[in-house]
Amino acid sequence: MLTLKELKLAKMAALKERDEVQGNVLGVLISAYQLAEIEKKAKGQEMEEADVVRILNHTLKELTDEKAMYEEGGKEKEAQDCQAQIAFVQSYLPTLMSEAEIRTVIEGLSDKSIKNVMVTFKTSYNGKADMALVNRIAREYQGK
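Numbered according to our numbering, the sequence shown terminates at residue 905, and the numbering increases by one at each position without gaps.
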C-alpha cells in the first residue's frame, strides 16, 4: 500500500530534481491523503489500500478533466503537463485484474447473482478490478 511517507519522499525527490510537474501532483496527492487519513481517524479507522486507490482514481479524474479543458482552450503546454501528471499518477495504481482473472473468480462463486458478484468484488478486490467490467461479465452469467 502506498503510504504518506512514500509520497513525501517522492515529492522531496521531485523538488530536488526541479520537476515541477511531479512535485505539483504529489502535493495534491499528499493533501488528499492527509484529508482522508483525518476522516478515517475521526471514525476510528485506519487507511486501507482501497482508500489510497480511491484517492488516486479521483486525482486521475480531476487531471483528465483539467487536460480536456486545456485542450479546448488551445493550451498545449498545460495539456502536456496534465498528461505527464496523469501518467505519473497511473504508475502508482495497482494493476487491474484481467478479464480472465475476473471470470475465474466469478466461476468459483457458488452464487453468481449480480448482487453477490458485485459485493464479493467490492469487499475482496476493491481497487483491483474494473467494476464496470465485473458487472458486464457478471451479467453474462445470469440465466446460466
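Here a beta-carbon is modelled for each residue, glycine too, at the ideal position from N, C-alpha and C.
In this text the structure is predicted, and so the values were computed from the model without any measurement.
Where residue i falls: helix, strand or coil (DSSP)
i       : result
Leu-763 : coil
Lys-804 : coil
Gly-788 : helix
Glu-860 : helix
Lys-907 : Since the first and last residues shown for the chain are 762 and 905, residue 907 lies out of range.
Glu-870 : It is worth fixing the name first, because residue 870 is Leu in this sequence and not Glu. It is coil, neither helix nor strand.
Glu-778 : coil
Leu-854 : coil
Unbroken alpha helix (DSSP H) run spanning residue i, endpoints
i       : result
Arg-815 : 810-833
Asp-842 : 837-851
Arg-897 : 892-901
Leu-876 : This sequence places Lys at residue 876; Leu is not what is there. Segment 875-885, the alpha helix (DSSP H) holding Lys-876.
With 16 other Cβ atoms within 10 Å as the buried cut-off, status of residue i
i       : result
Asp-842 : buried
Gln-846 : buried
Ile-863 : buried
Ala-804 : Residue identity differs from the one stated: residue 804 is Lys in this sequence, not Ala. Looking at its Cβ environment, which holds fewer than 16 other Cβ atoms inside 10 Å, Lys-804 is exposed.
Under 8 Å between C-beta atoms of residue i and residue j
i       : j       : result
Ile-791 : Leu-768 : yes
Leu-787 : Ala-797 : no
Leu-765 : Gln-806 : no
Arg-900 : Ile-875 : yes
Ile-816 : Ala-840 : no
Leu-870 : Thr-881 : yes
Gln-851 : Leu-894 : no
- Query: Is the stretch 883-899 touching the stretch 810-818, taking contact as three or more C-beta pairs under 8 Å?
  - Reply: Taking 8 Å as the limit for Cβ pairs, the verdict is that the stretch 810-818 does touch the stretch 883-899.
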